[in-house]
Amino acid sequence: MEQVNVKIFAEPDTQISLEDAIPVFHRWIQKRDLPELLIDVTDYSHVIAGPGVLLIGHEANYSLDNGRNELGVLYNRKAKVEGDSLKQAYEAALNAAQRLEQEQEFQGKLKFRHDEVEVTLNDRMLHPNTEEGWAAVRGEIEAFLDGLFEAGRYSVQRPTDPRERLWVRARRTN
Amino acid sequence: MKASNSQWKDHLVGKIEPGLASEIDAFDSEIALKKQGKMEDKVFAETRLRRGAYGQRYDNGQRHDGLESRRLAYANPNTKGPTTLWDAPGMQRIKIPFGGLNATQLEVMAELAEEYSDGIAHVTTRQDVQLHFIHIEDTPTIMRRLAAVGITTREACGNTVRNVTSCPLSGVCRDQAFDVTPYAKATAYFLLGHPDTQDFGRKFKVAFSGCGDNPCALVRIHDLGCVAKIKDGKRGFEVYVGGGLGTVPYVAKLYTEFLPQEELLPLAQAMSRVFARLGEKKNRNTARMKFLVVKLGLEEFKRLVEEERKILTPDPRWTSFLDGIENQQETPLRDPGLLQIENAQPEDFRAWRETNVYPQRQAGYATVTVALPLGDLTADQLRALADIARKYVNETIRTTVEQNIVLRWVSEIDLPSVYSELKAVGLHLAGAGTITDTVACPGTDTCKLGISSSRGLAGELRMHMAENGAAGNDAIRNLRIKVSGCFNSCGQHHIADLGFYGVSRNKGGFAAPHFQVVLGGQWTENAGSYGLAIGAVPSKRVPEAADRILARYTKERTEGESFQAFIRRIGKAECKKMLEDLMVMPLHSEDTSLYSDWHDPREYTTGDMGIGECAGEVVSPLEFQMTASEREVFEAQLAFEAGDLPKASKLAYDSMARAATAMLVWNKSFYINSPDGVVEAFRKEFHDTQLFFDPFAGGKFAHYYFHAHELLGQERTAESAHRLIEEAQLFIEACHSCVGRMTAVPVKG
Ligand code: HEM
Ligand code: SF4
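Which chain is which? The protein sequence lines are A and B, in order. Heads up: the first sequence begins at 10 in the numbering used here, then just goes up one per residue. Heads up: the second sequence begins at 2 in the numbering used here, then just goes up one per residue.
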């Protein structure tokens, strides 16, 4: 799979200001301790249910994302990945989530849930949002989710609007 | 960069208008050539700019991270322009003539924003749409996907005719003389790619307005501005020329009080020729048409344009678009209606209706403004808007110069439902066209020339004005705020009531972001006059400065006194006095907060500024065409290697014909379309005169071309196709040498 995006969601009712991610991401650039070449921070906190604040990188973007009004951390891989691209993206998102929780701006205020994950394949040509598109990646995604949540113990949701990208949202059921 | 790019190319074959398709294919080849080091930086930069692919901040690979200036270590050393790194993200401008869009186009933009950009589509101050953080190698795919739904990015930047703008209410406006939409459209497509518009020293901006008073189209800040007018029952335009913002703003001058509609396109063409011929090419700072008009004087400029007009070869397109133009009209989807029971409507709906709904000249219909914060909207919002535009109107969508989107022809009865559907996706902001609806250029967010954060400030002022009750204060509610990140005025600060542009100031060895305050610019009468610069205030104190000015106006204005009149009455000195204490900077050691910008905690520096690409690169049409013919030979070689001999032969021949045509245009301003005509003229002008003769090889290279022409259309063997390609290459080299000889300065002695 290519162009894998993974979003990990914050606890419901989290009360933070998206803008607080701006200094945090600038510090990440200063520290340079993420594997990607980090370029800049861009702020869309003014857009309702938008992409929030993004840390733009060459190989991937990180963001404190508020798409569909659901706060979460999103890892958007752009460059090709050698090996398991889904695992890579998930681990990167998880790492970012853990870092954000530790940052002074968010300490005690921002917690991410580990019972739900959204995987989006950000390329309509390689991964069309159709039954065939889904069939082509289903095995790989389910194997990953089985490892994450245990087989049969999670529910899966997929887009109802064919214009959206191919995404899968999985939630542990108990 | 996406692995799917080549698949898109195959997938969209036959779905793109052929002219556009080959344009984009050509760009693909240029990218390949540039990657192989076979194209000059300058030429590649201009070719991408002419297709709307612009540079972005930090693309020279240098960025101050708040602690120090660091190199962005891209592995790839290639460049996409002088000091512009290949892998550095760039911006793609998408040209939207008169701002007109349909639902499918919104959906495609949503896809592109998600797949190639940062999830946001941005509406600009000239009705375009921009995507940011784009990789150059994805741009041809973006262009193809847009072209498949009828959008071109061609000539969106660079020294070209930029997007032709028009009032978004044209056709539905209560004050209009007539609907200017079809004229704006015809002008945009007539000038697009026209040979007479390819050799400008600078950009050329055109705008149309349906009336003389309202601000929607801002004709008086344009190189060519046309205001609809009816005289003796006939349609035409009041025409203005030589306006423009930028560092030195010029209000356009009246060129003629009435230009009959049949003369619109010939005038635009004649003016383009004069601008191409006489406009400054070397000094970028004085290359806009406004300087030419001043230099020549309006009368002389007019005389030259009229002279040029007389010698133009008549073109059927000048008038063909006029057939039935008076009856062209968009149609509504739903029956007209009247919305009464106003009091029963919720408060938020009523507030929105007051500012965002415009009753059309057609009873029972309204135009709804979807106010976008800083011109931004998400992919989900674009799709939702497409749904609404299909459900309630006939996809009659337009972008506006205030960075909003309008939906025309909404039946008034549907307003509550439209509002609630917009609200469901966060597109229900009230206050369109009021003090909270701030406008901003990209500024330091993405622009290489940005000095201060225009978007940061505009976002802050938007919230600030909403919170301090400005929206409820009748005196100031309808004032406009516009912010540019530097003096170039892409945010149109000169024509705002409260305008700001980014400057920097130093104190004790530290730089601090500031904004120059520009008061009392005129938005009405098509942006008829510009504001007064008062002084520079630190970025973080601008909201306070704005509050003081607004409070004073609220308190001291006389009855009916406009903000402009008030500012002129109290004068610049008094305005400055009001703000003087704010202009005094504390030392860095006392307070660091003013030494960083809005929404950017880094210690401020101007070290990140790069070389802007607004002026484009001056690449002559000859250079351009020669590069294009080299690209064709290159493509011929590829076709040859793929075993497609007919295609290879055709491309090789075309490359020679293109080079020959370019030589003729360059030397004699000949525009000839037929292959026979080009050969004949080339023989006469270059061969028979011996101008083309190589000191050693004589006329040999010209004969390659003549010979290829004789055999045109005949089937070639692999060997002869291969030879043809070689000959084409040699012919092109000979053209270069010939130009070199003809332009060489003779050595004395
Ligand atoms: C010396 C360089 C530049 C000059 C003189 C310049 C000038 C202008 C002016 C006067 C306008 C708008 C007003 C109008 O004519 O309606 C404009 C529009 C704009 N400029 Fe610039 N600009 C320059 C460079 C840039 C750069 C480097 C960027 C950022 C990448 C930029 C971004 C924009 C945008 C986004 C618009 C809105 C409009 C559109 O769609 O054409 N400009 N420019
Ligand atoms: S006004 Fe200056 S900062 Fe803003 S976009 Fe134009 S050139 Fe860039």
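Glycine included, each C-beta is placed from N, C-alpha and C at the ideal position.
>> For A:I31 and B:G457, what's the separation of their Cα atoms in angstroms?
In response: 12 Å
> CA-CA distance, B:C736 and B:V130?
Replying inline: 40 Å
>> If contacts are defined as beta-carbon pairs under 8 Å, then B:I568 and B:G492 qualify, I think. What distance do you get, rounded to the angstrom?
In response: With a Cβ gap of about 19 Å, B:I568 and B:G492 do not count as contacting.
>> Tell me the DSSP secondary structure of B:R285 in three-state form.
In response: It is helical.
> So A:R178 is in the beta strand (DSSP E); what residue range does that whole segment cover?
Replying inline: 175-181
> So, does the CB of B:W9 fall closer than 8 Å to a CB anywhere in chain A?
Replying inline: yes
>> Could you tell me the alpha carbon to alpha carbon distance between B:L623 and A:Y99, rounded to whole angstroms?
In response: 52 Å
> Does any C-beta atom of chain A lie closer than 8 Å to the C-beta of B:H12?
Replying inline: yes
>> Does the CB of A:M134 have a neighbour CB from chain B at under 8 Å?
In response: yes
> Quick one, which of A:D49, A:V62, A:L130, A:S94 has its alpha-carbon nearest A:S26's?
Replying inline: Of the candidates A:D49, A:V62, A:L130, A:S94, the one whose C-alpha sits nearest the C-alpha of A:S26 is A:V62.
> Quick one: what does DSSP say B:W87 is sitting in, helix, strand or coil?
Replying inline: coil
>> I'd like the list of long-range same chain contacts for B:S597, defined as Cβ closer than 7 Å, with 5 residues on each side in sequence excluded.
In response: R603, E604, Y605
>> Could you tell me which whole alpha helix (DSSP H) segments of length 4 or greater appear in the region 508-562 of chain B?
In response: 525-528, 543-557
> Quick one, which of B:T400, B:H223, B:D233 has its alpha-carbon nearest B:L753's?
Replying inline: Outside the displayed span of chain B (2 to 750) sits residue 753 of chain B, for which this structure offers no information.
>> Output needed in chain order: residues of the region 20-44 of chain A with a Cβ under 9 Å from some Cβ in chain B.
In response: Listed in sequence order: E28, I31, P32, H35, R36, I38, Q39, R41.
> Where B:H495 and B:Q638 are concerned, what is the direct C-alpha to C-alpha distance, given to the nearest angstrom?
Replying inline: Between B:H495 and B:Q638, the alpha-carbon positions lie close to 53 Å from each other.
>> I need the boundaries of the beta strand (DSSP E) containing B:W667, first residue and last residue.
In response: Counting along the chain, B:W667 falls outside any beta strand (DSSP E), though it belongs to the alpha helix (DSSP H) covering 646-669.
> Is the beta carbon of A:L130 less than 8 Å from the beta carbon of A:V15?
Replying inline: no
> Residues bridged to B:M92 by DSSP?
Replying inline: B:Y55
> CA-CA distance, B:K311 and B:T154?
Replying inline: 32 Å
>> Under 8 Å, with one C-beta from each stretch per pair, do the region 77-97 of chain B and the region 128-144 of chain B reach the 3-pair mark?
In response: yes
> CB B:S505 to CB B:G486, shorter than 8 Å?
Replying inline: no
>> Cβ closer than 7 Å: which chain B residues qualify as neighbours of A:R174?
In response: E115
>> Within the continuous alpha helix (DSSP H) that includes A:S72, where are the two ends?
In response: Counting along the chain, A:S72 falls outside any alpha helix (DSSP H), though it belongs to the beta strand (DSSP E) covering 69-74.
>> Taking CB distances under 8 Å as the criterion, tell me whether A:L64 reaches chain B.
In response: no
>> Does the distance between the C-beta of A:L63 and the nearest non-hydrogen atom of the ligand SF4 fall short of 7 Å?
In response: No, the beta carbon of A:L63 sits no closer than 7 Å to any heavy atom of the ligand SF4.
> Residues in its own chain within less than 8 Å of B:L383 by CB, not counting five upstream and five downstream?
Replying inline: L107, E108, M110, A111, A114, A122
> What in chain A is Cβ-close to B:L73, meaning under 7 Å?
Replying inline: L46, I48
>> By the three-class DSSP mapping on this structure, what secondary structure does B:D601 have?
In response: strand
>> So for B:S490, helix, strand or coil by DSSP?
In response: Under the three-state reduction of DSSP output, B:S490 falls in the coil class, being neither helix nor strand.
> Using the beta-carbon of each residue, which ones in chain A are nearer than 8 Å to B:Y59?
Replying inline: I48, D49
> Within this structure, are the beta carbons of B:K282 and B:V619 separated by less than 8 Å?
Replying inline: Cβ distance < 8 Å, so B:K282 and B:V619 count as in contact.
>> For the region 362-392 of chain B, list every residue whose C-beta sits within 9 Å of some C-beta in chain A, in sequence order.
In response: Listed by position along the chain: L373, P374, L375, D377, L378, T379, A380, D381, Q382, R384, A387.
> Quick one: does B:F134 have its CB under 8 Å from some CB of chain A?
Replying inline: yes
> Per DSSP, what kind of secondary structure is B:S70 in: helix, strand or coil?
Replying inline: When secondary structure is reduced to three states using DSSP, B:S70 falls in the strand class.
>> Does chain B have any CB closer than 8 Å to the CB of A:Y163?
In response: For A:Y163, no Cβ of chain B is located within less than 8 Å of the residue's own Cβ.
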